[in-house]
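Offset between the sequence shown (1-based) and our numbering: plus 447.
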Amino acid sequence: MSWPGSDRQRKRWWERKVTSLLRKARLPIAVQRSFDHRLDMVSLEQVNNLYLLLTSVLVGKVPGAVVELGCHTGSTTTVLGQILQNHEQPPAMHVYDLFDGAWSTEESVLDRFRANHAAIGLALPHIHKGDVFSTVPSELPDQIAFAHVDLGVGGDHDLHYRLVTHALETVHARLSPHGVLVLMDYHVPGLTVDGNDSNPGVRKACDAFFLNKRERVITLYGGPCSHGFVRKK
Numbered sequence: 448m449s450w451p452g453s454d455r456q457r458k459r460w461w462e463r464k465v466t467s468l469l470r471k472a473r474l475p476i477a478v479q480r481s482f483d484h485r486l487d488m489v490s491l492e493q494v495n496n497l498y499l500l501l502t503s504v505l506v507g508k509v510p511g512a513v514v515e516l517g518c519h520t521g522s523t524t525t526v527l528g529q530i531l532q533n534h535e536q537p538p539a540m541h542v543y544d545l546f547d548g549a550w551s552t553e554e555s556v557l558d559r560f561r562a563n564h565a566a567i568g569l570a571l572p573h574i575h576k577g578d579v580f581s582t583v584p585s586e587l588p589d590q591i592a593f594a595h596v597d598l599g600v601g602g603d604h605d606l607h608y609r610l611v612t613h614a615l616e617t618v619h620a621r622l623s624p625h626g627v628l629v630l631m632d633y634h635v636p637g638l639t640v641d642g643n644d645s646n647p648g649v650r651k652a653c654d655a656f657f658l659n660k661r662e663r664v665i666t667l668y669g670g671p672c673s674h675g676f677v678r679k680k
């Protein structure tokens, strides 16, 4: 499986060689490039989580579409798309993002999103460009089997809290029984292992929303990143 930037997280030959020599010397040390939160959009551990959770929904034949709120240039979109591509009867996939700004001096974020799909021969999902406060829920599918929410907006924690709250209120209502909602950056101090608390608005929104719900957010191991999910009852 490949996604934008995945080559940055795979060990280079000399890293494997040095690690092997260290182990022969009985030194429990691994040489590996550190995760860069500015450039690396998703960790290997999070990719594994997405694979297992989406596969569980597909194998369980949970009805509904796959949606992603916040996708930027498609790092996680391409991961989800490849999982769906290998399924016999994949559900429709919808992505929602502002796609604002420029990826480079020659390319927009949306152009880069499309190019990242083309680079691995992956069909594009249904693209909903615009503010999620406007496109969601009006452009959401009536039934959702799997949702991935990644609405980080940099340092504006209040806006991020409101965005995640809006996503929870609209997506949860359409999530099928046994459907899965994955939350990027869900962080619980003392429980999340290694993960960075880059967007505290996620947990704040979840704590408020699920206070009187039957479900609870389950913390996942995301390596250098934070991750959580809910399975609809």
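Beta carbons: idealized from backbone N, C-alpha and C, even for Gly.
Delimiting residues of the beta strand (DSSP E) encompassing I574:
Run containing I574: 573 to 576, per the beta strand (DSSP E) assignment.
Beta carbon of P588, beta carbon of G675: below 8 Å?
Going by beta carbons, P588 and G675 fall outside the 8 Å limit.
For N643, the nearest candidate out of L667, R559, I665, S673 (CA to CA)
The shortest Cα separation from N643 among L667, R559, I665, S673 belongs to S673.
Specify the secondary structure class of V478 as computed by DSSP and reduced to three states.
Low confidence applies to V478: its pLDDT is 46, below 50, so where it sits in the model is not reliable, and the reading given next is rough at best. Three-state result, V478: coil.
CA-CA distance, V478 and P671?
Since pLDDT at V478 reaches only 46, below the 50 mark, its modelled position is unreliable, and no value is offered.
State the Cα-Cα distance for the pair T582 and I574, rounded to the nearest angstrom.
In this structure, the CA atom of T582 is about 11 Å from the CA atom of I574.
Would you decide whether P538 is buried or exposed? Buried here means 16 or more other CB atoms lie within 10 Å of its CB.
Residue environment analysis places P538 among the buried positions, since at least 16 neighbouring C-beta atoms fall within 10 angstroms of its C-beta.
Residue span of the beta strand (DSSP E) that contains A620, given as start and end:
Here A620 belongs to no beta strand (DSSP E); instead the alpha helix (DSSP H) covers 604 to 621.
Identified DSSP bridge partners for M448:
Note: M448 sits in no beta bridge, so no partner.
Apart from the five residues just before and just after K651, which ones in its own chain have a Cβ nearer than 7 Å to its Cβ?
Correct list, in chain order: Y608.
Collapsed DSSP secondary structure at T582 in the structure displayed
DSSP places T582 in helix when its eight states are reduced to three.
Are the beta-carbon atoms of C518 and D544 separated by less than 8 Å?
Taking the C-beta atoms as reference points, D544 is found nearer than 8 Å to C518.
What residues in its chain sit with their C-beta under 7 Å from that of H541, if we drop five residues either side in the sequence?
Taking H541 as the centre and dropping the five residues before and after it, the same chain places the C-beta of A512, V514, P572, H573, H575, P588 closer than 7 Å to its C-beta, in chain order.
What do you get for K680, buried or exposed, if any count of 16 or more other CB atoms within 10 angstroms of its CB means buried?
The residue is exposed, with fewer than 16 neighbouring Cβ atoms inside 10 Å.
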